[in-house]
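All residue numbers for the first sequence refer to numbering that gives the first Met the number 0, where the first residue is 0 and numbers rise by one. Each residue gets a CB set at the ideal place from its N, CA and C atoms; glycine is no exception.
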Amino acid sequence: MDRLDRKFFERSATEVAPDLLGKTLIRKIGNKTISGKIVETEAYVGEDDLACHARFGKTERNKVMYSRGGLIYIYLIYGMYYNFNIVTAKEHVPEAVLIRALEPVEGLEIAKENLKKFGKVRADKDFMKGPGKLCAALDLDKSFYGEDITDSKKIWIEDPNEKPEIEASKRIGIDYADIYRDKPWRYTIKNNKFASH
DNA sequence: ACATGGATTCGCT
DNA sequence: GCGAATCCATGTT
Numbered sequence: 000m001d002r003l004d005r006k007f008f009e010r011s012a013t014e015v016a017p018d019l020l021g022k023t024l025i026r027k028i029g030n031k032t033i034s035g036k037i038v039e040t041e042a043y044v045g046e047d048d049l050a051c052h053a054r055f056g057k058t059e060r061n062k063v064m065y066s067r068g069g070l071i072y073i074y075l076i077y078g079m080y081y082n083f084n085i086v087t088a089k090e091h092v093p094e095a096v097l098i099r100a101l102e103p104v105e106g107l108e109i110a111k112e113n114l115k116k117f118g119k120v121r122a123d124k125d126f127m128k129g130p131g132k133l134c135a136a137l138d139l140d141k142s143f144y145g146e147d148i149t150d151s152k153k154i155w156i157e158d159p160n161e162k163p164e165i166e167a168s169k170r171i172g173i174d175y176a177d178i179y180r181d182k183p184w185r186y187t188i189k190n191n192k193f194a195s196h
């Protein structure tokens, strides 16, 4: 299968986010592999988007969003969970796609071990559903900040050439974002039980 | 220097 | 449905 390349990610987040649905996220840990199908994403679209971390301009935390598409933006949220994003668009344009849920495909036992090691999250069911749990399952942390997903040996995305039916809805957990609160920039695969809600 | 709240999740009510 | 866990960025003193 083909790995998604720079060209794929150097488009607007509102194009990349729905296009990522049905793609396979692959994580290599030593000689072990964990993989899953992307079933839920959200687009965060620059400094004007009041839900986007770039709404206050460039900071130490969000600076990687200003680089070219294909780099990883990962950050700690609520003091205890990581959220995994992929930067999109061209350099100086701060957009990103949050990966919110995977349908487990490969390496499920390793993923569950990772969750147990992380603590705080249940390892029994829905263990790649939700951005915090997904990061724990794939053992993703701050050390992935700025990693290039088009080039990395530890994590990448492949295209199995599926064409899933896509549904757009409001983004989760951003009630503070004024008129951007209701933008339909959350994308799920229709009727997929591994996506939330 | 301090107060506030967040792109979350769990467990209890 | 609500509170707790608890780091980081922002805004105020």
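Note to self: Can you check which of these residues, Lys141, Glu102 and Phe126, is closest to Ala110 by C-alpha distance?
What the structure shows: Phe126
For the alpha helix (DSSP H) containing Glu108, name the first residue and the last one. Leu107 to Phe117
Query raised in the report: Which two residues bound the contiguous alpha helix (DSSP H) that contains Glu166?
Result: Where Glu166 is concerned, there is no enclosing alpha helix (DSSP H), although the beta strand (DSSP E) it sits in stretches over Ile165 to Ser168.
(message) Quick check on this structure: which residue in Leu3, Arg60 and Leu97 has the alpha carbon closest to the alpha carbon of Thr40?
(response) Leu97
Does the beta-carbon of Phe55 have 16 or more other beta-carbons within 10 angstroms, so that it is buried, or is it exposed?
-> exposed
*Residue from Lys89, Tyr81, Leu75 and Ile76 whose Cα sits closest to the Cα of Met64*: Lys89
In the DSSP assignment, the beta strand (DSSP E) including Arg185 goes from what residue to what residue? Unbroken beta strand (DSSP E) run through Arg185: Arg185 to Ile188.
Considering Cα atoms alone, identify which of Lys57, Arg60 and Ala167 is closest to Glu14. Ala167
- Same chain, Cβ closer than 7 Å to Asp158, five either side skipped, listed in chain order: Met0, Asp1, Leu3 and Lys22
ask   = Which residue's Cα is closest to the Cα of Phe117: Tyr81, Asn30, Glu105 and Tyr77?
value = Out of Tyr81, Asn30, Glu105 and Tyr77, Tyr81 has the C-alpha closest to the C-alpha of Phe117.
Fill in: As assigned by DSSP and simplified to three states, the class of Arg2
strand
Check: Leu101 and Leu49: beta carbons closer than 8 Å?
Finding: Going by C-beta atoms, Leu101 is not nearer than 8 Å to Leu49.
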